[in-house]
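Below is one structure, written out as structure tokens, with a few remarks after it.
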Amino acid sequence: MVAAAFTDFMQQIVSGLASGGIYALLALALVIIHRSTGVINFAQGEMATLSTYIAWTLTFNHGWSYWPAFVATLAISFAGGVGIHRVVIRPVERGSVLRIVIVTIGLLVAINGFIIWQWSGEPQQLQSPFGTETYDIGGVVVAAHDIGTIAVALGIVLLLWGLFQFTKVGLALRAAAVNPEEARLVGVRVTWMLALGWGLAALLGAVAGMLTAPTVGLDPNMMAAVLIYSFAAAVLGGIDSPIGAVVGGLAIGVLLNLLSYLSQYAAFDWFTEELRLPMALLIILAVLLIRPQGIFGKPEVKRV
Amino acid sequence: MKTLLELDAVAARYGPVQALHDVSLVVREGEVVAVLGANGAGKTTTLRAISGTVSRSGAIELEGKQLKGGPESAARTGIAHVPEGRGTFIDLTVTENLKLGAYTSRNRSVKADILRIAEYFPWMTERGGQRAGTLSGGEQQMLALGRALMSHPRLLLLDEPSLGLAPMIVREFFRIVRKLNEEEGLTVLVVEQDARIALNASERAYVLEVGRVALTGRSAELRDDESVRRSYLGY
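Written out as structure tokens, the structure reads:
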């Protein structure tokens, strides 16, 4: 009985880490754009969905096998993100933050409309590259897709960390984000760095979308809920903190699954799946009230 | 000596506010030149006009070539601008700050350059991993200078390096600037509120008044002329 409860508990943790890995990727995308452009990119989820449709088209319509399609989708998404910044965001970048926010909301609507126009609203199925098998690890049954998701998310996070930490362009990206005026003085082309940031964010979203689709099904609104969870993750970790985004993402994924797990007990029987989204919003609210800078963020200092 | 930088009738504005009206000046290769004047005289704006961080008109030439474009291209033509208030990336480490200084230089060993800088500022070696924001004001100013040197600049622009620093540290800073000038032939255009120290460190000086050059001459002569000191330099 106790053993059964434990393996059930572990199963929830593993699957929580898998969805948390996806939230972490999308939260990281939100953080990268927030650090450089100063806004929450409301179109982040829609951009990810569009990327996933591209991957689906390559595999389903053009018969590509999964991994070549995966890599091609990343490349297309990266270019698309750079393009969005150059064409849509840059012209309003010097204006108020509100203008950029409205542009990202416009992007959300436009991309959503484009997806429905191009692919119809019919749900599609994108295969998992990891198959549908499950593994029994010491009594804990885990899905291959969950393990694969955690591995890919972790791998992407490490690659990105390496890029930011050990390369010249990574250093320039960070310099442009923390102090754009100073960065220009040392010769960094800041507007290109911002565009590069949008490209990376689009790429992260593409990975998140491609990992999400096999479990929830590909449809035009697939990433809407994921974006809310990722937003909660980014706020929890600290909206300007890449590490915070990753920790926050994993925490949100595990936390929501733990609540599902606990709902078998009387004290938590009020928790049903429908409460997952409101719970995420509650977390956002609580963090903003109690610790607005998040776990890893630094308090904002305004000079008067 | 060859002319390195020449400004001819340069004007600059921030939106509707005209900050520079008519500034002409010359910096020759290997010189240290000071720009002095009261608050609001246009000292900082003069440097910003040169590095392209303010919209400007008039001729600004580096080795006879008109400077166009923003600070990114100024950095690429060999102008290193250390702005007022240190100008370090406080969230990045000492070493990362230095590496950014070498951002525009290609085919040069960044490691060798960091070692070269460490000869002037030995403390930077052991504290390379420290975040710039945790350094003292004097150390940050030294780091800003070190970072500027990483690019092997043809012209170094220093904006109020003495601001908020203890006199002893200011002296040390200018001692290093002089040393760089004498040993490496570094050309410097320095803006200073503290006229006394700037006149001691420079060969020639320009005094600005409300966006115009009011006076120019050899630093030693300006320093020794009591009426100039009293009416323009306030000491």
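These protein sequence lines map, in sequence, to chains X and F.
0 is the number of the first residue of the first sequence in numbering that gives the first Met the number 0; add one for each residue after it.
0 is the number of the first residue of the second sequence in numbering that gives the first Met the number 0; add one for each residue after it.
For every residue, glycine included, the Cβ atom is placed at its ideal position computed from N, Cα and C.
Neighbours of F:P70 across chain X, judged by C-beta separation under 7 Å: R183, L184.
For F:Q17, the uninterrupted beta strand (DSSP E) segment begins and ends at 16-27. Contacts with chain F at 8 Å (Cβ-Cβ) include X:R173. Runs of the beta strand (DSSP E) spanning 3 or more residues and lying entirely within the region 100-160 of chain X occur at 133-136, 139-142, in chain order.
F:H151 does not reach chain X, its nearest Cβ partner there being about 12 Å away, counting only Cβ pairs nearer than 9 Å. Taking a Cβ-Cβ cut-off of 8 Å, X:L276 has no neighbours in chain F, whose nearest Cβ is about 34 Å from it. Contact check for X:G186 and F:A74: beta-carbon distance about 3 Å, within the 8 Å limit, so the pair qualifies. Remark: fewer than three beta-carbon pairs, one from each stretch, lie closer than 8 Å, so the region 40-57 of chain X and the region 255-268 of chain X are not flagged as touching.
Using a C-beta cut-off of 8 Å, the region 222-240 of chain X makes no contact with the region 70-77 of chain X, since fewer than three inter-stretch Cβ pairs fall below that distance. Taking all protein chains in view, the Cβ of X:L210 is crowded by 16 or more other Cβ atoms within 10 Å, so the residue is classified as buried. A check of alpha carbon separations from X:A71 across X:I136, X:L172, X:A26, X:T58 identifies X:T58 as the nearest. With contacts defined by Cβ atoms closer than 8 Å, F:V93 and F:R126 form a contacting pair. Going by beta carbons, X:G204 and X:Q43 fall inside the 8 Å limit. When the beta-carbon positions are compared, F:D21 and F:R203 stay at least 8 Å from each other. When rounded, the separation of the alpha-carbon atoms in X:L24 and X:A201 is 10 Å. Between F:L188 and F:L154, the C-beta spacing is below 8 Å.
Between the alpha carbons of X:G130 and X:S64 lies a distance of about 13 Å. Within the region 74-103 of chain F, the residues whose Cβ lies closer than 7 Å to any Cβ of chain X are, in chain order, A74, R75, H80, P82, G86, F88, D90, L91, E95, K98, L99, G100, Y102, T103. In the DSSP annotation of this structure, the continuous segment of the alpha helix (DSSP H) that includes F:D223 starts and ends at 218-223.
With the criterion set as a beta carbon lying under 8 Å from some beta carbon of chain X, the members of the region 38-51 of chain F are S50, in sequence order. Secondary structure within the region 189-272 of chain X: the alpha helix (DSSP H) runs of 4 or more consecutive residues, fully enclosed, are 189-215, 223-236, 241-261 (chain order).
For F:N96, the closest alpha carbon among the candidates F:A131, F:H80, F:V109 is that of F:A131. If you draw a straight line from the Cα of X:A3 to the Cα of X:M9, it is about 10 Å long.
Separation of X:L49 and X:G15 (C-alpha to C-alpha, rounded to the nearest whole angstrom) is 25 Å.
DSSP places X:E181 within a helical segment (H, G or I) once states are collapsed to three. Under the DSSP assignment, F:E202 falls outside any beta strand (DSSP E); it carries neither an H nor an E label. With respect to F:F88, X:V245 sits apart: the two C-beta atoms are not nearer than 8 Å.
Rounded to the nearest whole angstrom, the CA to CA distance from F:E5 to F:T45 is 12 Å. Rounded to whole angstroms, the separation of the alpha carbons of F:R229 and F:A48 is 29 Å. The contact set of X:N178 on chain F, defined by CB atoms closer than 7 Å, consists of F88 in chain order. Looking at the DSSP output, F:A79 sits in a beta bridge with F:L155. A straight-line Cα-Cα distance of about 9 Å links X:I32 and X:L199. Of all residues in the region 107-131 of chain X, none has a C-beta nearer than 9 Å to a C-beta of chain F. Here X:P179 has V189 as same chain residues with Cβ atoms under 6 Å from its own Cβ, once five neighbours each way along the sequence are excluded. Following the DSSP letters along the chain, one finds F:L35 inside the beta strand (DSSP E) bounded by residues 31-36.
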